[in-house]
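Visitor: Residue numbers (the numbering used here): 1 to 430. Glycine included, every Cβ here is placed at the ideal spot set by N, Cα and C. Input: one structure, supplied below.
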Ligand SMILES: [Zn+2]
């Protein structure tokens, strides 16, 4: 069925009176278009559209259960740096996905929680869709005591609720809805990967993520949506961390001042030179976030170090800034420079594959009665790795809310059903 045809079946102009969500007392999340069969329509096409719009009322009725799942996941704390705590949550998640017919596999990690992969068979063979996320949070164990998981003002609040325990609950809800709509079997194979170290750079999970992405038709990342309008993320900057170490020569600042070579003065010159690498128009930023140096106030400093956070919007600029950093030379020839580090996450560029996936998502959202926007963001995620391999990747499919990594972290409950319906639709159609 062509896009034009599908529009015919599902335009909002066909909409009758808004369908009330039975058994759901919360705010309404949109007007459901009625799906009227016209004489010139193909029955299977109509069935696909009807099923898609059917996911929303089904999921709206599941809202309480989605919220309960989120609450349960938030209340099992899972900081990236605490393996026993993280493993506890991974075991609970494995059981939840297994209850929906998935086959869980743990990728053992020594210092991080075990990474969880779950495979689901589908009615039709072919490459699976990879649902990607992480179950670790930035919050140390015990945060929950001060930052209670609670419901208020139409939101659910708590550590990691937005980034991204709600995203995991949405995966579960979408898979359940698809099983319900397709007679207990998924329309296509799905692989779920939940890693335990995303918040600390994904060093132990990166190869697993990349390996599974290469075998998949597309990657859907359940990181939080962008902003309260819930935009998808179709471009993310690449992220790098570098260390610039300067070695000079120490001397007594009173007796032998002229014999010293100040590493701090050299580093100061370097920092000013580095600031010229920033190109806001191209999306290149470089932040000297940490500076250390010197030993005592009366010693000409022999050591100084700067740590830099580098962000780039394109692979070309990633290579360019790396080259520039490695080409730095000392202003004071008697000082020595050492540069370490690299671009850790490549940029997620809005390739043709990404744009096509976004258009599909926007079309599904339109059928569900809402206008879905897209955004380019500065932060990186594991979606950067999969997009970097050229696999069509769509990010920001998770919950809508505010305050990731902060005390006011929260998720808008009324948005949950349509986010899950969008995900279900994408799994069917992407
Ligand atoms: Zn995240």
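#1: If you follow the alpha helix (DSSP H) that residue 236 is part of, which residue opens it and which one closes it?
#2: Can you tell me which of 161, 192, 421 puts its alpha carbon nearest to the alpha carbon of residue 68?
#3: Hey, quick one: how far does the alpha helix (DSSP H) through residue 353 stretch, first residue to last?
#4: Here's the rule I'm using: 16 or more other beta-carbon atoms within 10 Å means buried, otherwise exposed. How should residue 384 be labelled?
#5: Which word fits residue 196, buried or exposed, when buried means at least 16 other C-beta atoms lie within 10 angstroms of its C-beta?
#6: If you count every other CB in all the chains shown that lies within 10 Å of the CB of residue 96, and 16 or more means buried, which is it?
#7: Do you know whose CA, among 357, 106, 76, lies nearest residue 136's CA?
#8: Between 429, 414, 426, 427, which has its C-alpha nearest residue 57's C-alpha?
#9: I need the straight-line Cα distance from residue 238 to residue 110, nearest angstrom please.
#10: Short of 6 Å in beta carbon distance, which residues of its chain neighbour residue 117, apart from the five on each side in sequence? Order them along the chain.
#11: Report the three-state DSSP secondary structure of residue 141 (helix, strand or coil).
#12: Let me know the secondary structure DSSP gives residue 395 once reduced to three states.
#13: Beta carbon of residue 420, beta carbon of residue 177: below 9 Å?
#14: Could you compute how far the alpha carbon of residue 89 sits from the alpha carbon of residue 360?
#15: Does DSSP classify residue 431 as helix, strand or coil?
#16: Return yes when the Cβ of residue 236 is within less than 9 Å of the Cβ of residue 147, no when it is not.
#17: Counting only the same chain and skipping the five closest in sequence on each side, list residues whose C-beta sits under 6 Å from that of residue 386.
#18: Should residue 199 be counted as a contact of ligand 1 given a C-beta to heavy atom distance under 8 Å?
#19: Give me the pocket residues for ligand 1, defined as CB within less than 5 Å of any heavy atom, sorted by chain position.
#20: According to DSSP, is residue 197 part of a helix, a strand, or is it coil?
#21: Please classify residue 124 as buried or exposed, where buried requires at least 16 neighbouring CB atoms within 10 angstroms.
#22: What does the alpha-carbon distance come out to for the pair residue 172 and residue 422?
Guide: This is what the structure gives:
#1: Locating residue 236 in the chain shown gives position 236, counting from the first residue. Counting along the chain, residue 236 falls outside any alpha helix (DSSP H), though it belongs to the beta strand (DSSP E) covering 232-236.
#2: Within the chain shown, residue 68 is the residue found at index 68, counting from 1. When only C-alpha atoms are compared, the closest one is 161.
#3: Walking along the chain shown from the start, residue 353 turns up at place 353. Segment 352-367, the alpha helix (DSSP H) holding residue 353.
#4: Translated into positions along the chain shown, residue 384 becomes position 384. With a threshold of 16 other beta carbon atoms within 10 Å, residue 384 meets it and is buried.
#5: In the chain shown, counting from the first residue as 1, residue 196 sits at position 196. Flag for residue 196 reads buried.
#6: Counting from 1 along the chain shown, the entry for residue 96 is found at position 96. Under this definition residue 96 is a buried residue.
#7: Numbered from its first residue, the chain shown carries residue 136 at position 136. The candidate whose alpha carbon is nearest that of residue 136 is 76.
#8: On the chain shown, residue 57 is found 57 positions in, with the first residue counted as 1. Considering only alpha carbons, the answer is 414.
#9: The residue you call residue 238 lines up with position 238 of the chain shown. The residue you call residue 110 lines up with position 110 of the chain shown. So the alpha carbons of these two residues sit roughly 27 Å apart.
#10: Walking along the chain shown from the start, residue 117 turns up at place 117. So the list reads 105, 193, once near-sequence residues are dropped.
#11: By one-based count along the chain shown, residue 141 stands at place 141. Coil at residue 141, not helix or strand.
#12: Here residue 395 is taken as the residue at index 395 of the chain shown, counted from 1. DSSP places residue 395 in strand when its eight states are reduced to three.
#13: Within the chain shown, numbered from 1, the residue matching residue 420 stands at position 420. Within the chain shown, numbered from 1, the residue matching residue 177 stands at position 177. Result yes, Cβ atoms of residue 420 and residue 177 sit closer than 9 Å.
#14: Position 89 of the chain shown, counted from the start, is the residue given in the question as residue 89. Position 360 of the chain shown, counted from the start, is the residue given in the question as residue 360. Cα to Cα, the separation comes out at about 33 Å.
#15: Since the first and last residues shown for the chain are 1 and 430, residue 431 lies out of range.
#16: To locate residue 147, count along the chain shown from 1; it is residue 147. To locate residue 236, count along the chain shown from 1; it is residue 236. Contact: no.
#17: As a working mapping, residue 386 is identified with position 386 in the chain shown. Correct list, in chain order: 213, 219, 393.
#18: Taking the first residue of the chain shown as 1, we reach residue 199 at position 199. Look at residue 199: its beta carbon is less than 8 Å from one of the heavy atoms in ligand 1.
#19: The set of residues with any CB-heavy atom separation to ligand 1 below 5 Å comprises, in chain order, 163, 164, 223.
#20: Mapped onto the chain shown, residue 197 falls at position 197. Three-state result, residue 197: coil.
#21: Residue mapping note: residue 124 aligns to position 124 of the chain shown, counting from 1. With fewer than 16 Cβ atoms within 10 Å of its Cβ, residue 124 is classed as exposed.
#22: Taking the chain shown and counting its residues from 1, one reaches residue 172 at position 172. Taking the chain shown and counting its residues from 1, one reaches residue 422 at position 422. So the two alpha carbons sit approximately 13 Å from each other.
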